[in-house]
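Using our numbering, read the sequence shown as starting at 1 and increasing by one per residue. Glycine included, every Cβ here is placed at the ideal spot set by N, Cα and C.
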Amino acid sequence: MPTENPVLLSRHNAHSASYREPAYIPSAGPIVYQSVTLRAASEWALNVLDVDAFFLYHDYGRAQAYLRNTKNLCFQAPIQVVRFSRCAYYSIFRMTGMNGCSPDAMSEAVAHKHFLQDLELQISRILSCLTPHNLRSFDRWRLGTCIPQGIFGVDGYLARCQPHILHLHLQTDGTCFQAQPGLEGLSQLHDLKVLSWNGIQHRSEVQSLQRTLQCNHLHLRSFTVAFKPSTFANSLSWSLLTRSGDEPGHALRSMPFASLKELSLSRITLPTYLPPDDILTFRGLCSLSFIRLVYFEGCFDILKDDHRYMNALSEFLLSFRGLQNLHLHQSNFPPLGAAFVGAIHGHPDTLKSLVYHERQLVQLDESGMFEEDRDVNPTWAGKCDHTIDLCPLTFLALAICPKTAQTILEPTRAHTQLQLLHLRLSGPERLHQNLALEIRTLLIESERTSSEGTFAPGSNLLDDKPNTYDPSRVRQIATLQSETPPSMPAAKAFISFARWAFGPQGIPSLRVLAFGDFSHEDRYEAQRFLVRRLDRPKESRVVSECLGFVPLDFADLESWDGLSGNGARFLAACPGNSLMESPYDF
Numbered sequence: 001m002p003t004e005n006p007v008l009l010s011r012h013n014a015h016s017a018s019y020r021e022p023a024y025i026p027s028a029g030p031i032v033y034q035s036v037t038l039r040a041a042s043e044w045a046l047n048v049l050d051v052d053a054f055f056l057y058h059d060y061g062r063a064q065a066y067l068r069n070t071k072n073l074c075f076q077a078p079i080q081v082v083r084f085s086r087c088a089y090y091s092i093f094r095m096t097g098m099n100g101c102s103p104d105a106m107s108e109a110v111a112h113k114h115f116l117q118d119l120e121l122q123i124s125r126i127l128s129c130l131t132p133h134n135l136r137s138f139d140r141w142r143l144g145t146c147i148p149q150g151i152f153g154v155d156g157y158l159a160r161c162q163p164h165i166l167h168l169h170l171q172t173d174g175t176c177f178q179a180q181p182g183l184e185g186l187s188q189l190h191d192l193k194v195l196s197w198n199g200i201q202h203r204s205e206v207q208s209l210q211r212t213l214q215c216n217h218l219h220l221r222s223f224t225v226a227f228k229p230s231t232f233a234n235s236l237s238w239s240l241l242t243r244s245g246d247e248p249g250h251a252l253r254s255m256p257f258a259s260l261k262e263l264s265l266s267r268i269t270l271p272t273y274l275p276p277d278d279i280l281t282f283r284g285l286c287s288l289s290f291i292r293l294v295y296f297e298g299c300f301d302i303l304k305d306d307h308r309y310m311n312a313l314s315e316f317l318l319s320f321r322g323l324q325n326l327h328l329h330q331s332n333f334p335p336l337g338a339a340f341v342g343a344i345h346g347h348p349d350t351l352k353s354l355v356y357h358e359r360q361l362v363q364l365d366e367s368g369m370f371e372e373d374r375d376v377n378p379t380w381a382g383k384c385d386h387t388i389d390l391c392p393l394t395f396l397a398l399a400i401c402p403k404t405a406q407t408i409l410e411p412t413r414a415h416t417q418l419q420l421l422h423l424r425l426s427g428p429e430r431l432h433q434n435l436a437l438e439i440r441t442l443l444i445e446s447e448r449t450s451s452e453g454t455f456a457p458g459s460n461l462l463d464d465k466p467n468t469y470d471p472s473r474v475r476q477i478a479t480l481q482s483e484t485p486p487s488m489p490a491a492k493a494f495i496s497f498a499r500w501a502f503g504p505q506g507i508p509s510l511r512v513l514a515f516g517d518f519s520h521e522d523r524y525e526a527q528r529f530l531v532r533r534l535d536r537p538k539e540s541r542v543v544s545e546c547l548g549f550v551p552l553d554f555a556d557l558e559s560w561d562g563l564s565g566n567g568a569r570f571l572a573a574c575p576g577n578s579l580m581e582s583p584y585d586f
């Protein structure tokens with residue numbers, strides 16, 4: 001009997017709590033799977049799910065018994081290289097050799113049709129084993145493709161057999177030119193409390209979402225929608241999305257979201273005037289109410305957004321008190337000066353996490369003919385030390401180089417409360433660099449030289465001179481330009497900074513140091529690295545004794561007990577680009 005199964009399952013039996021493990025671990029009690037995650041191993045073959053592997057080890061009768069109490073269903077696939085047009089264009093290998101399904105002989109429309117039929121055939125085998133009216137979470141359609149009509153259609157499986165779903169998360173291919181209506185059955189789900197849809201674009205999708213909101217707006221607690229620009233529209237109006245009463249003879253009115261607590265909008269345009277019903281909706285939000293707002297995250301690009309509102313951010317931050325988390329991604333904004341820093345200082349007793357990632361158009365050659373967005377140091381970097389000193393920050397993320405970070409942090413290092421520091425880089429700029437491999441190679445070399453007695457704990461990895469600090473340079477940070485070629489390789493600069501940060505002259509409170517791009521899960525895995533402070537009483541690796549830190553796996557970050565907040569969520573905040581991009585974005 002095999003010891004594991006490619007399908008990731010969450011098991012619950014009469015003698016243990018719910019936990020995640022492979023399917024065939026022996027158990028004293030009956031096996032009941034509460035959560036099922038189906039995966040496509042490759043984004044180049046998105047219609048090759050691991051459903052066949054599951055039924056290879058189970059006959060149909062046993063599968064029904066194991067899955068009869070499943071409450072959570074999830075579909076996943078990597079989204080790394082192919083970020084748009086994911087449906088049939090890269091995923092037809094499984095159909096090769098089928099009668100009439102040769103890729104060379106198929107048009108795009110026919111390929112798309114066969115692709116969705118193949119997905120539906122596999123998924124239906126799992127759905128047929130579930131108990132009707134028992135599913136509570138269609139937790140994530142994260143294939144990034146269109147959804148087969150047999151799942152969300154008017155007579156689809158969910159509308160007929162699982163109408164009491166509470167949580168629904170969709171990630172669809174908003175760039176697919178062959179997308180057909182197939183989500184009309186969404187409006188048959190009347191008990192939704194959490195609704196998330198990333199990739200909505202076509203008119204039929206907007207209409208399906210609108211009808212779904214009409215059925216669920218009174219009890220919906222969390223709503224996330226991300227619109228993809230297209231020839232249809234560049235953005236979606238909030239008023240259009242939330243209107244009701246559009247039957248003949250009825251006046252339009254806004255839906256009251258009486259229970260809504262969390263709202264996330266991407267490319268959704270708010271009107272300049274909000275009617276009373278909409279004002280009541282936003283007043284109840286924990287994430288937008290001026291009185292109760294504790295978390296604010298925003299990504300703004302002045303080339304895409306209206307430049308008239310570029311000063312609104314400082315005014316907004318000064319309009320209330322008590323903010324705990326401020327996460328911002330600014331592209332092509334003019335220099336933010338005293339007004340912005342003063343806005344941050346407007347929350348001196350509460351601000352615990354700060355993310356600031358700034359990018360600007362820079363010239364790629366002397367002619368100035370070609371420009372590209374690049375990371376730059378914050379224009380207010382010279383005042384960073386005062387901000388860190390004034391606010392009770394425990395998490396901080398800035399798009400700065402290690403050398404600049406040390407200059408900023410050294411004046412406040414002894415009494416700062418920082419636990420997690422993230423030196424942000426944008427992964428797309430470094431796709432051809434393997435920073436993680438370079439850092440690991442240097443660490444292995446350090447361990448080797450240390451074991452030979454040639455690497456002293458007080459020495460500098462980069463040169464023979466110890467690190468020195470010149471106080472006169474602190475106020476000159478704003479003049480540092482991140483696009484200037486660094487004086488040392490990035491990997492060496494990171495290790496040198498980490499040795500200082502975790503060393504006796506570093507930051508005593510620091511627990512975790514991150515470097516690179518952590519957005520979109522593992523897309524930029526080669527361009528990031530994570531280390532944590534060495535727990536000397538428990539760990540005694542030679543290189544660790546010299547460096548003061550050890551590598552930390554990103555998957556272990558959430559469970560690591562050295563942090564006071566959600567480190568994984570913090571590192572992934574304010575992604576520099578979309579998970580699913582549209583050709584209209586370029």
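Item, Value
"Just checking my contact of A399 with H357 at CB under 8 Å: how many whole Å lie between their CB atoms?", "5 Å"
"Relative to the alpha-carbon of F54, which residue among L209, R528, I123 and D373 has its alpha-carbon at the smallest distance?", "I123"
"For the alpha helix (DSSP H) holding V206, just list the boundary residues, first then last.", "R203 to N216"
"According to DSSP, C146 sits in a beta bridge with which residue or residues?", "None; C146 has no bridge partner."
"Within 10 angstroms of the Cβ of V51, are there 16 or more other Cβ atoms? Answer buried if so, exposed if not.", "buried"
"Would you give the residue range spanned by the beta strand (DSSP E) that E297 belongs to?", "Y295 to D301"
"Return the first residue and the last residue of the beta strand (DSSP E) that L240 is part of.", "From DSSP, L240 is part of no beta strand (DSSP E) but of the alpha helix (DSSP H) over W238 to L241."
"Give every residue of the same chain whose Cβ lies closer than 7 Å to the Cβ of D139, excluding the five residues on either side of it in the sequence, and list them in chain order.", "N72, L73, C74, H167 and H169"
"Considering Cα atoms alone, identify which of S314, H133, P78 and H520 is closest to R68.", "H133"
"Output needed for S237: all residues of its chain with C-beta closer than 8 Å, excluding positions within five of it in sequence on either side, in chain order.", "I268, T269 and P271"
"Measuring CA to CA, which of S204, L143, S187 and A514 is closest to L495?", "Reading the sequence as shown, one finds Ile at residue 495 and not Leu. The candidate whose alpha carbon is nearest that of I495 is A514."
"If you follow the alpha helix (DSSP H) that I126 is part of, which residue opens it and which one closes it?", "E108 to L127"
"Find the nearest neighbour of T175 within the set E262, C391 and V82, judged by alpha-carbon distance.", "V82"
"Let me know if I444 comes out buried or exposed under the rule of 16 or more other beta-carbons within 10 Å of its beta-carbon.", "exposed"
"Select from A397, P392 and A381 the residue whose C-alpha is nearest the C-alpha of T407.", "A381"
"Could you round the C-beta distance between A498 and L547 to whole angstroms and report it? I think they count as a contact, below 8 Å.", "7 Å"
"Using 10 angstroms around the beta-carbon of D157, count the other beta-carbons present and answer buried if the total reaches 16, otherwise exposed.", "Inspection of the sequence shows that residue 157 is occupied by Tyr rather than by Asp. So Y157 ends up on the buried side."
"Where does A77 fall in DSSP's three states?", "coil"
"What are the boundary residues of the alpha helix (DSSP H) that G548 is part of?", "Where G548 is concerned, there is no enclosing alpha helix (DSSP H), given that its DSSP letter is neither H nor E."
"Does the beta-carbon distance from L409 to Q527 come in below 9 Å?", "no"
"Give the secondary structure of G516 by DSSP, where H, G and I count as helix, E and B as strand, and everything else as coil.", "strand"
"Looking only at its own chain, which residues have a Cβ that is under 6 Å from the Cβ of V194, when we skip the five neighbours before and after it?", "H167 and S222"
"Can you name, in chain order, every residue of its own chain whose Cβ lies under 8 Å from the Cβ of P489, other than the five neighbours on each side?", "E438"
"What are the complete beta strand (DSSP E) segments, minimum 3 residues, inside the stretch 378-456?", "395-398 and 420-424"
"In this structure, how does DSSP classify A40 when only helix, strand and coil are distinguished?", "strand"
"Could you check whether L534 and V512 sit closer than 9 Å to each other, using their CB atoms as the reference points?", "no"
"Under a three-way DSSP split, which group does W560 fall into?", "coil"
"Using 9 Å as the threshold, is the C-beta distance between L326 and S367 below it?", "no"
"Per the DSSP calculation, E521 is bridged to which residue(s)?", "Answer is none; E521 lacks a bridge partner."
"When we look at the beta-carbon of F370 and count the other beta-carbons within 10 Å, is it buried (16 or more) or exposed?", "exposed"
"For D52, which three-state DSSP category applies?", "helix"
"I need the straight-line Cα distance from D118 to N47, nearest angstrom please.", "7 Å"
"By alpha-carbon positions, which one of Y295, T379, A109 and V341 ends up nearest to E315?", "V341"
"Does DSSP classify V341 as helix, strand or coil?", "helix"
"Just list the residues that DSSP pairs F529 with in beta bridges.", "F515"
"Could you tell me whether the Cβ atoms of Q188 and R142 are closer together than 9 Å?", "no"
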